[in-house]
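In the numbering used here, the protein residues as written are 2 to 191.
And the structure:
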């Protein structure tokens, strides 16, 4: 064979390889587009069904012990019992009076947030129960109870003072707490 024929054959093979790679690439892109379109169509159908279900939940609502909520929400609480660090804040404070006054205002603010449930408002927000899930309200309530319990305990332990008598802000179980048979005790949040 002559070298000219070999060169022609090699260029033809190279062209064939390039064309094969291009066709494979185009097939891959086409398959990807097809799959993504069918997947998006299926997702949009599911989304429409989910929206219909959610609208049904909003209209129907979820009622427990005379309080109406958007829905029941998650079955499990998302609240983690943890140390919020109030004792450490008092112990490490350079200006104890400043820290004490901040804790007093934080305590009273937490008491005010807890009392919102009796007005059918989720603590820490201005969201009505009808726009929130029951679990969200319950978790928010527990977060504020944890804050109240730990501030009260820290001030009593570190400064031997009763924060409630100093501030005039007293924790009392709310009507919502009693009606829901939650029977929360502050000692459970320490």
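All C-beta atoms, glycine included, are put in the ideal place defined by N, C-alpha and C.
Computed from a predicted model, the values in this text were never measured in an experiment.
Thinking just about the alpha-carbon of each residue, which of the options is nearest to the one in residue i?
{"i": "residue 164", "options": "175, 152, 20", "result": "152"}
{"i": "residue 89", "options": "158, 113, 181, 15", "result": "158"}
{"i": "residue 187", "options": "137, 32, 79, 112", "result": "112"}
{"i": "residue 146", "options": "130, 128, 124", "result": "124"}
Put residue i into one of helix, strand or coil per three-state DSSP.
{"i": "residue 57", "result": "Residue placement at residue 57 is flagged as unreliable, the pLDDT there being 45, under the threshold of 50; the coordinate-derived value follows with that caveat. Reduced to three states, the DSSP call for residue 57 is helix."}
{"i": "residue 144", "result": "helix"}
{"i": "residue 122", "result": "strand"}
{"i": "residue 134", "result": "strand"}
{"i": "residue 157", "result": "helix"}
{"i": "residue 183", "result": "coil"}
{"i": "residue 129", "result": "strand"}
{"i": "residue 192", "result": "Absent from the structure is residue 192, since the part of the chain shown begins at 2 and ends at 191."}
Taking its Cβ as the centre, do 16 or more other Cβ atoms sit within 10 Å of residue i, making it buried, or is it exposed?
{"i": "residue 191", "result": "exposed"}
{"i": "residue 36", "result": "exposed"}
{"i": "residue 171", "result": "exposed"}
{"i": "residue 33", "result": "exposed"}
{"i": "residue 117", "result": "buried"}
Which residue or residues does DSSP assign as beta-bridge partners of residue i?
{"i": "residue 64", "result": "69"}
Within its chain, find whatever has a CB closer than 7 Å to the CB of residue i; leave out the 5 residues flanking it on each side and keep chain order.
{"i": "residue 167", "result": "105"}
{"i": "residue 1", "result": "The chain is shown from 2 up to 191; residue 1 falls before or after that span and cannot be answered."}
{"i": "residue 61", "result": "The predicted position of residue 61 is uncertain, since its pLDDT is 45 and thus under 50; a value taken from the coordinates is nonetheless stated next. Answer for residue 61: no residue qualifies."}
Checking contacts by CB at 8 Å: is residue i closer than that to chain D?
{"i": "residue 139", "result": "No chain D is present in this structure, which holds just one protein chain."}
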